[in-house]
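All remarks here apply to the structure that follows.
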Amino acid sequence: MKKAVKVKPLNFSTSWSYAPAPEGTEHVQLKDRYELFINGKFVAPAGGKYFDTINPATEKKIASVAEAGATDVDKAVKAARQAYDKTWSKMPAAERGKYLYRIARILQEKARELAVIESMDGGKPIRESRDIDVPLAAAHFFYYAGWADKLDYAFPGKRSQPLGVAGQIIPWNFPLLMAAWKIAPALACGNTIVLKPAETTPLTALKLAEILQEADLPPGVVNIITGAGATGAALVNHPGIDKVAFTGSTDVGKLIQKALAGTDKKYTLELGGKAANIIFEDAAIDQAVEGIINGIFFNQGHVCCAGSRLFVQEGVAKEVIRKLKDRISTLIVGDPLDKNTDVGAINSKAQLSKIKTLVNAGIKEGGECWQPDCNVPAKGYWFRPTLFMNVAQSHRIVQEEIFGPVLAIQTFRTLEEVVEKANNTPYGLSGGVWTDKGAKIFNVTGKIKAGVLWANTYNKFDPTSPFGGYKESGMGREGGLHGLMPYVKLS
Ligand code: NAP
Ligand code: MG
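Going by our numbering, the final residue of the sequence shown carries number 496, and the count climbs one at a time with no gaps.
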């Protein structure tokens, strides 16, 4: 009689590893010091102050960056106003479109350099900046270039007019892409801009300023001023702007809303999220596990729409958690410039300490915390992909946005139960549903209060598709035809 042979499952994390495949940096051109981009030129800040932007994977300084004070903000807003009055609002729409096409093409030409800088400055894996951030940024310019001279078709029967000067403030998680989301529709509609990137990731926006010069965009049409929160606040409060477009945290969004109450400035707010990813028993489990991993560990969980809460139907909970752990154990955490890396560096020391605080709170509240046994580099800011089981709806890790690679897992029995749990959050930005049944997709997605819902996939973006939230996740939509609306007056 033959004896049964027990086969030991392969442990991919330790049995073999990839040879390092670092992306080259020799083609990257960076200055030691960056000034403010105002009225088509790089100019020193009036206060003479500079701050460092560092590489979060090495903690090394990359460049000094100018800090814009109130005088500089005023100068930038005035330059934008002048460009609006004298040039941009008078230019035929088709000509505006040509500039946008030109910017899009230069972004494509410089894609490799921009991807490397994005990964150096922000810590995200090169695979993401190369395959997602930069191509999507170019795609947004291409898409809105097409709308510039077709606004009559976007708003049939109405006359659209630009608003004037837009003050735009963006976060650090998708620096170039967020700049493109903001700049492209505003320019297509005929507005001029003052943009403030985040303090920890200003470099691709400043490279974009060089691209705008190369594209011969008339001076003052786009001004890029760097600095921290105070610079953003000075821009929001400047009486010379007509519109604020903000992407960032709900806390700052609320401050902005208060500051704008009683003014006639228009605003759009893209804020935080706490998305539910829901797996039903009839889902293709392996595909769902891959989607869950992509949904939360993509960009270290520095994604407003990250699937940070997982709801698994009871019958498959054990299998899903086992498969998630197996898959997470194969993820490569480390050098963002290595093409094999799955999980890069946490964007800043402050963000790392926020993640640690919430994870410690989760442990204290009784959650079962699991992390893979992977090495992380000694220098830099890192956090291992983390799972939390046995958590309750009231736990902070279930309620608060962590903005890190941390997934809180809960189980459910019925569709009604999971819908109620998924909606039990102040946020409403995004979510995901995994099931084999089309009818169930429509049933569940119709009941989840979130701006974007993916079915049997996650984190898919396209310039033609609107994006934005409900409740404390913000107001207004960016992307697609909807993304033109916040930048026009209709009559
Ligand atoms: P944040 O602290 O709110 O910062 C966002 C931007 O606002 C940064 O440029 C920041 O400058 C600036 N800022 C800070 N205080 C300000 C103030 N009082 N007035 C005006 N501007 C101010 O957010 P973050 O931590 O950078 O980004 C993470 C957050 O963004 C998360 O909550 C995430 O969910 C959200 N997010 C949302 C979306 C979406 O589309 N819904 C997309 C991406 C990110 P400094 O960074 O220089 O301080
Ligand atoms: Mg940096």
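Backbone N, C-alpha and C fix where the C-beta goes; we use that ideal spot for every residue, glycine too.
According to the DSSP assignment, Ile290 belongs to no beta strand (DSSP E) but to the alpha helix (DSSP H) extending over 290 to 302. When the beta-carbon positions are compared, Leu156 and Lys494 stay at least 8 angstroms from each other. Spatial neighbours of Asn196 in its own chain (CB-CB distance under 6 angstroms, excluding positions within 5 residues in sequence) are listed in chain order as Pro167, Leu168, Ala171, Tyr492. Look at Gly127 here: in three-state DSSP terms it is helix. Remark: three or more beta-carbon pairs, one from each stretch, lie closer than 8 angstroms, so the stretch 286 to 302 and the stretch 312 to 327 are flagged as touching. The beta carbons of His32 and Glu114 sit about 12 angstroms from each other, so the pair does not count as a contact at 8 angstroms.
Contiguous beta strand (DSSP E) elements confined to the stretch 147 to 209 occur at 165 to 167, 170 to 174, 197 to 201, taking only those with 3 or more residues. In terms of Cβ geometry, Glu133 and Asn304 form a close pair [threshold 8 angstroms]. Straight across, the Cα-Cα distance linking Tyr106 with Asn365 is about 48 angstroms.
Remark: the shortest separation between the CB of Ala203 and any heavy atom of ligand 1 falls under 7 angstroms. Here the distance from the Cβ of Pro25 to the nearest heavy atom of ligand 2 is not below 7 angstroms. Collapsing the DSSP output to three states places Phe393 in a strand. Scanning its chain for C-beta atoms nearer than 6 angstroms, with the 5 sequence neighbours on each side dropped, one finds around Arg164 the residues Ser496, in chain order. Going by DSSP, Thr58 is part of the beta strand (DSSP E) stretching over 55 to 60. Each of Ile297, Leu420, Asn461 was checked against the Cα of Lys452, and the nearest Cα belongs to Leu420. If only complete runs of 4 or more residues are kept, the stretch 319 to 401 shows the alpha helix (DSSP H) at 319 to 333, 354 to 369, in order along the chain. Looking at the DSSP output, Leu274 shares a beta bridge with Phe251, Met480.
In this structure, the alpha-carbon of Val70 lies about 43 angstroms from that of Val396. Within a 10 Å sphere around the beta-carbon of Asn352 sit 16 or more other beta-carbons, which makes this residue buried. At least one heavy atom of ligand 2 sits closer than 7 angstroms to the Cβ of Ile59. Here the C-alpha atom of Ala266 lies approximately 13 angstroms from the C-alpha atom of Lys248. Val381 sits exposed, since fewer than 16 C-beta atoms from the chains shown fall within 10 Å of its C-beta.
As the crow flies, the alpha-carbon of Ile216 is around 35 angstroms from that of Lys279.
Where Gly437 is concerned, the enclosing beta strand (DSSP E) starts and stops at 435 to 439.
Nearest to Phe316 by C-alpha distance, out of Gly128, Asp136, Val424, is Val424.
For the 8 angstroms CB-CB criterion, Gln404 and Lys426 do not form a contact. In this chain, the beta strand (DSSP E) harbouring Asn228 covers 227 to 229. Listed as beta-bridge partners of Ser94 by DSSP are no residues whatsoever.
One Cα belongs to Lys454, the other to Asn428, and the distance between them is close to 6 angstroms.
In the DSSP assignment, Thr430 falls outside any beta strand (DSSP E) and carries neither an H nor an E. In this structure, the beta-carbon distance from Phe146 to Ala116 does not fall below 8 angstroms. In this structure, Leu208 is the residue among Leu208, Lys80, Leu112 with its C-alpha nearest to the C-alpha of Ala68.
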